[in-house]
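Residue numbering for the sequence shown is 12 to 471, as defined by the working numbering. Ideal placement from N, C-alpha and C gives every residue a C-beta, glycine not left out. To start, the structure under review is shown below, and the notes come after it.
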Amino acid sequence: MIAPGGVEAIHEGALRLLAEVGCAVLEPEALGLLAAHGAAVDGQRVRIGEQLVAEALATAPAGYTVAGRRPERALAVGAGADPVFCTASGPAFVLDGGQRRNGNLADVRSAVALTHQSANLGVYGLAIAALDVPEERRPQVVAHAVATGTDKPSRVDVTTPLELQVALDVAEILYGGEWHDRPRLWTVINTTSPLQLSVEAGRALLCLARLGQPVCLTACAMAGTTAPLTLAGLLAVQHAELLTGLVLTQLARPGCPFLYGGTSSVSSMHSGALLMGAPEFWPLVEATVELGHRLGLPVRAGGALTDAHVTDAQAGAESALALDAALRAGVDFVLHAAGILSSFNCFSTAKFVVDDELLGALRRAHRPLAVDDETLALDVVAAAGPGGSLLGQAHTRRHAHEAARDSLMNRDPYETWRALGSRDLAARADARVAELLDGYVAPDDLDALTKRQLEEYCLG
């Protein structure tokens, strides 16, 4: 949480950075668009005045709905909607038998299957890079595995021109030539801290905005290396970068959905590495949500992020605290919500199912307590009387199913736990993964023509 008056001070500081220092925008067309609307352009340095920011905020929506393959897969973002959770996204490594190895296409399919069966995760997030597929074919092959493996929406990579083109082509195959008549794509575009928007980021931003697709711009400033070591200074840099992207998005298409994103954290002063499990990350999550909501924008922040390298107590504690901070602040979209280890660098199926259960528990914990005649149950207490048992009451039977949910967490007495093999959480998680993958059934909502077009485009 930001101290009183701090939100306005950070916002004003970011406006000062934009007006006096500026932001480097490396994409020529984006530079021209900003210049045409009154920004001061000096080479690749753009200085943006407060008026342009105010005009952008006037057109950016407070919420929007992203359509799905089926109506029930549509997801609302912001404007009071429930938060949307997306899996881990993009690591190159997989934890396998306690050791890290390169990710492969089979890992992608496993992550898709787990996401498809999750009650908490609404979006698949490119959980692992398929490094066994040639780089020039990887976007198409992975797109096929995802589209045929789940009917949930997925986050698509748009970092390179090829990835962007594949995302647009697959959307047309799935939804037809007018696919962009409503928001459909889940993407993330990253700034380059401090105060820079790359050629690739600018190109993707302009393309998606002009198609009316949500632009999730995310800053990952590193305190002590790419931003000031003090958290307020880091937030001012992050905020300035995101305001630059907001202005550019709204100039490209006024009213385009914009998702204000921040995953900034601190750098290790020993190694220079980005620390995602450090205590500083959790207040930064809350502050990011505060700043984005102060602008009236939906916000991406948080995640089940940890610096741990295995599914251990550190991983659980850091992930729980980060997710709780995001939910407590009122976050709208969470990437890396399940399965991530080693900061952003490793995927674990065991941690995936632990995080999935953690999400379910936190969602219940943050749900307001319902208070009415049924939940107060005064008549039930009266029927049992002082010293009586409520176990046999009809009220108890009505609510017993909700209270008896299955859990990965141990709820058995010590003797029962020992008799069942004394398995710790990691072992139970491995068993749950095997159970889920064994029972997985792929969706069958795509017609034969769409399946053939996907196969020809992605695998032909």
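- In this structure, the beta-carbon distance from residue 342 to residue 313 falls below 8 Å.
- The three-state reading of DSSP puts residue 427 in helix, counting H, G and I together.
- 360 is the residue among 333, 266, 360 whose C-alpha sits nearest the C-alpha of residue 442.
- When secondary structure is reduced to three states using DSSP, residue 71 falls in the coil class, being assigned neither helix nor strand.
- Note that the C-beta distance between residue 233 and residue 302 is not below 8 Å.
- One Cα belongs to residue 166, the other to residue 61, and the distance between them is close to 32 Å.
- Taking the C-beta atoms as reference points, residue 150 is found no nearer than 8 Å to residue 351.
- Non-local beta-carbon contacts of residue 50 in its own chain, meaning distances under 7 Å to residues more than five positions away in sequence, involve 57, 58, 59, 63 in chain order.
- In the three-state reduction of the DSSP assignment, residue 84 falls in the helix class, which pools H, G and I.
- It is roughly 8 Å from the alpha-carbon of residue 261 to the alpha-carbon of residue 66.
- Distance from the Cα of residue 17 is smallest, within the candidate group 373, 238, 243, for 243.
- For residue 44 and residue 263, the gap between their C-alpha atoms comes out near 8 Å.
- Under the 10 Å beta carbon count, residue 287 is surrounded by 16 or more other beta carbons and is classified as buried.
- When the five nearest sequence neighbours on each side are left out, the beta carbons in the same chain lying within less than 7 Å of the beta carbon of residue 437 are those of 322, 361, in order along the chain.
- Under the DSSP definition of a beta bridge, residue 230 partners with 273.
- Residue 300 carries a helical assignment under DSSP once its states are collapsed to helix, strand and coil.
- Note that the C-beta distance between residue 297 and residue 339 is below 8 Å.
- Taking a contact to require three or more Cβ pairs closer than 8 Å, the region 83 to 101 and the region 130 to 142 qualify as touching.
- With contacts defined as CB atoms closer than 8 Å, residue 207 and residue 35 qualify as a contacting pair.
- Counting C-beta atoms within 10 angstroms of its own C-beta, residue 396 has fewer than 16 neighbours from the protein chains shown and is therefore classed as exposed.
- By the neighbour-count definition (other C-beta atoms within 10 Å, threshold 16), residue 440 is a buried residue.
- Per DSSP, the continuous beta strand (DSSP E) segment holding residue 106 begins and ends at 104 to 107.
- With fewer than 16 other beta carbons inside 10 angstroms of its own, residue 83 counts as exposed.
- Contact check for residue 127 against residue 160 passes: the beta carbons are separated by less than 8 Å.
- The beta carbons of residue 121 and residue 448 sit about 6 Å from each other, so the pair counts as a contact at 8 Å.
- Non-local C-beta neighbours of residue 407 in its own chain, meaning closer than 6 Å and more than five positions away in sequence, comprise 401, ordered along the chain.
- Cβ atoms of residue 164 and residue 197 come within 8 Å of each other, at about 6 Å.
- A check of alpha carbon separations from residue 14 across 112, 195, 294 identifies 294 as the nearest.
- In the structure shown, residue 213 adopts helical secondary structure according to DSSP, grouped into three states.
- Assignment of residue 203 by DSSP, reduced to helix, strand and coil, places it in the coil class.
- With a cutoff of 8 Å on beta-carbon distance, residue 152 and residue 139 are scored as not near each other.
- In this structure, residue 344 lies away from residue 257, with their beta-carbon atoms at least 8 Å apart.
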